[in-house]
DNA sequence: TATGAATGAGTATTCATTCAT
DNA sequence: TATGAATGAATACTCATTCAT
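Chains as they are written, first to last, in this note's numbering: chain L, 21 to 261; chain C, 21 to 261; chain B, 21 to 261; chain R, 21 to 261.
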């Protein structure tokens, strides 16, 4: 990560993520970034107006696939359980490939002195919760999920559980297979809230084998720069629906 | 909270908790504590060797009822679901009465530059997880909970869900009834993992009406000092009901 | 100046004045103060919340005799020309004894990035102008000064002229007798605006020989601290009227 | 001001003047100039070797009409009071048309850390004082002005008064008619130092109506570039009236 | 128990200036 | 002519901690 082929601005963000991962938000100082990038502290201000902009950059980076993932799930017309599984599978794959980024998940409480960053992080989480809630409601409407439990509770359970597994994965120094663990726990929950007992419940992996999703994810993982040029919508980058 | 009848040392801890709640761990400075306590900064060093000791103090305070609660549950020979419900009901009651303390729940990631505090927090969480796991396993043995799911997964789901609800309660400025919300979500989960469908699933509140529990909780709520003298086990403090 | 018998807070102000004199407002940095005081930069913040407070301190110091001077002139029931002469004689004596303080006279334009200091300086100047204007009007009423010219113009001329002489005195490294020069120029102006040709116009020095004024000035020049204790009014310090 | 038809070098100077006016000398930074000119900071160094050169440029600009004005007064063989009035009328007209430039009047004290600029500003002021002094002496020789007062004092009074009016005009946000105010105050002073009571004392305006002065001023106001080419004396530029 | 004064190391940020392109 | 990237030194200010009283 943070290699030399990237633009300085991108490298600064990656370094910031790395520091947040290793030292926490408290350890993220301009000096630390500069030292790891082997440039002067002043040089950083060529690329970011202030530290808050860097913080916001890490959040944007952290959430940069959200719109694409949400859109893919919608466009593919996935079932609720399929969509939820696809969503978290994508996130976990992202985290497994780039564990440091998972640290950003837990910055919100640390951003208390940075209201702008705090708010943006809250928005990211809220968007995710809203989208999952939307999937759950769809699942309830289509008879996939029980209607005995309000969708919000199901969302709390699913999201909270996953967040907690990520937290423990981090605390335990990534010593278990995150995606596998999350997906198997998710399957338990989906089973629990399901109205039908599906045999192929655990075959979620198939989602990735489908042509379209694969290409969608592909575009996600090969995207050349963190910061899309203006006018270029990241969703447009992939040409297929 | 933080009234004048308490000892200075206790008041400092309470003030520290208050600051962590309002400003986050980053906002917890000696100056801030001193200013809120209206004493000099130097005075604080009369009571704590350094800032880390204060952090450890907040963690100890945060977890000060744990041993008591665990022992109570054991002594009362509660059923698994009863014990879990009692445990979280107690915590939520604690948080509702003293919302600021709930902030400590989420300090772990922020303590990255304070390895000692980080470790102690991790121990607290691990102890709780272990205890809940112990209850779940007991429940599985006694046929209360399904054995189809490994206990650890059940623990992840229960604990993660509750943590997430607390987090959202904080983010939403305590605008919903925490205990009620947590208990109703818990009942969903217990129901989901239960082998028997119990009608009186929601009568958990009865636990508090039992003599023993009441006295146990009582001792919890009236305990005069935050810091137990060495050698005195906090469980011994209550005269046992 | 800035000797060791004074309190640190006072010494910082005096050092600040000295720096403004030698290096200008631009040269007034916390580092420079600290270095001249041979203390750490951080130590300065024990005594002043920020740099602006120091700036305000120099202005307060600069204008610290104003109220006393105004009151003395009023209480003594001096004639207009007597009062004006007394006022500027006092200022020039102050500047001759402590040339550096005269630098503060010309800080206003330099305070453009310090709106609070700028405003306070403006207030000081405005107060002086108002008081002189009040004297001139009194002089006009009592037939001392011509009524053909509006009082404001007379004030502009008197004040502007004196300020300019001080400025040149500074530019020329104090190489002429400031008080003498100012007073002789003042006598020209007073003569010019006078309705009566007085022979003893230049005997202004007599003012200082009078018992009362002497004691008033005395209290001014021997005041022990820059910063009066609360409750002690500086005018009360002299017991006679 | 600072329009696009000017050369970049000139535009930079005008922008510098504008900044000195609005933010003071402290606010004059390369970044601020670059940002207002919408060019890079480095670009400025194409035109000026360093910041000091820019400061010197503003002073040169500020005083760019001096030689022309002095020569015009000499060539026209104006009377002393006529010359003084013409001089200040020209300056005030300049300031009224371009208020920002009046800020440079008061930069001297702020240039304490820029000895070269400070010296050049001092030279400008000294030249003006010398020229006015020369006029006053001429007036005294020709019986216009009283010989009871030394010429230097008259100069101090005139110059100091005018400077102070300009300063207040700036402090009061240009809310009075500067030229009018200065000229009427000047007429008071000239009257005061005059040996003869002239009825047409206030007809100074006629100066501008004379053919010669008009053309002189004209050349002043239409001069295309701020910076005269080397070797070309600016007085030669006007075709002489 | 308390405090006033102090400090060294660190915080984000700004500055004039340089240089390769 | 212009610029993007860089920098060393400085800016005001904060931090946890110490120590004499």
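For every residue, glycine included, the Cβ atom is placed at its ideal position computed from N, Cα and C.
About 6 angstroms separates the CB atoms of residue 132(R) and residue 47(B); that is less than 8 angstroms, so the two are in contact. Just so you know, the alpha carbons of residue 67(B) and residue 29(B) end up roughly 6 angstroms apart. Residue-level contact by beta carbon fails for residue 105(L) and chain C, as no gap is shorter than 8 angstroms.
Contact annotation: the segment 191–206 of chain C touches the segment 93–110 of chain C, with at least three C-beta pairs closer than 8 angstroms. Put simply, the backbone Cα of residue 153(R) is about 18 angstroms away from that of residue 180(B).
For the set 120(B), 57(B), 69(B), the Cα lying nearest the Cα of residue 26(B) is the one of 57(B). If the five residues before and after residue 175(B) are omitted, its C-beta is found closer than 7 angstroms to the C-beta atoms of 149, 152, 153, 156, all from its own chain and listed in chain order.
Contact annotation: residue 206(R) and residue 137(R) have beta-carbon atoms that are not nearer than 8 angstroms. For a cut-off of 8 angstroms, the C-beta gap from residue 123(C) to residue 177(C) is around 24 angstroms, too long to register as a contact. By the CB criterion at 8 angstroms, residue 134(R) and residue 72(R) fall inside the cutoff.
Bounds of the alpha helix (DSSP H) holding residue 86(C) are 86–95. The residues 40, 45, 141, in chain order, have a CB closer than 7 angstroms to that of residue 127(C) in the same chain once the five nearest residues on each side in sequence are set aside. Here DSSP, grouped into helix, strand and coil, assigns residue 165(L) to strand. In this structure, DSSP gives residue 214(L) an extended state, which the three-state scheme calls strand. Listed by position along chain B, the residues whose Cβ is nearer than 8 angstroms to that of residue 185(R) are 176, 180. Around the Cβ of residue 97(C), a 10 Å sphere holds fewer than 16 other Cβ atoms; the residue is exposed. Between residue 79(R) and residue 61(R), the CB-CB gap reaches or exceeds 8 angstroms.
The beta carbon of residue 103(R) lies closer than 7 angstroms to those of 93, 155 in the same chain, with the five residues before and after it left out. Think of a sphere of 8 angstroms around the beta carbon of residue 46(B): the chain R residues whose beta carbon falls inside it are 45, 46, 130, 132, 133, in chain order. Contact annotation: residue 121(R) and residue 182(R) have beta-carbon atoms that are not nearer than 8 angstroms.
Using a 10 angstroms sphere on the CB of residue 162(B), the tally of other CB atoms stays under 16, which defines it as exposed.
Residue 140(L) sits in a helix when the DSSP states are folded into three classes. One finds 173, 176, 177 in chain L with Cβ atoms closer than 8 angstroms to the Cβ of residue 205(C), taken in chain order. In terms of beta-carbon proximity, residue 126(B) lines the interface with chain R, with at least one pair separated by less than 8 angstroms. Residue 66(B) carries a coil assignment under DSSP once its states are collapsed to helix, strand and coil. Taking 8 angstroms as the CB threshold, residue 209(R) lines the interface with chain B. The continuous alpha helix (DSSP H) containing residue 80(B) extends over residues 71–82. Residue 143(B) and residue 129(R) have their C-alpha atoms spaced approximately 20 angstroms apart. Neighbours of residue 142(L) in chain C, taken as residues at a C-beta separation under 9 angstroms, are given in chain order as 191. Annotation: the continuous alpha helix (DSSP H) that includes residue 36(C) extends over 28–47. Per the coordinates, the alpha-carbon of residue 95(L) lies some 42 angstroms from the alpha-carbon of residue 54(L). Under the Cβ criterion of 8 angstroms, residue 79(C) is not counted among the residues facing chain L. Listed along chain R, no residue sits closer than 8 angstroms to residue 54(B) by beta-carbon distance, the nearest being about 18 angstroms off.
For residue 212(L), the nearest beta carbon of chain C is closer than 8 angstroms to its own beta carbon.
Counting along the chain, residue 117(C) sits inside the alpha helix (DSSP H) bounded by residues 100–117.
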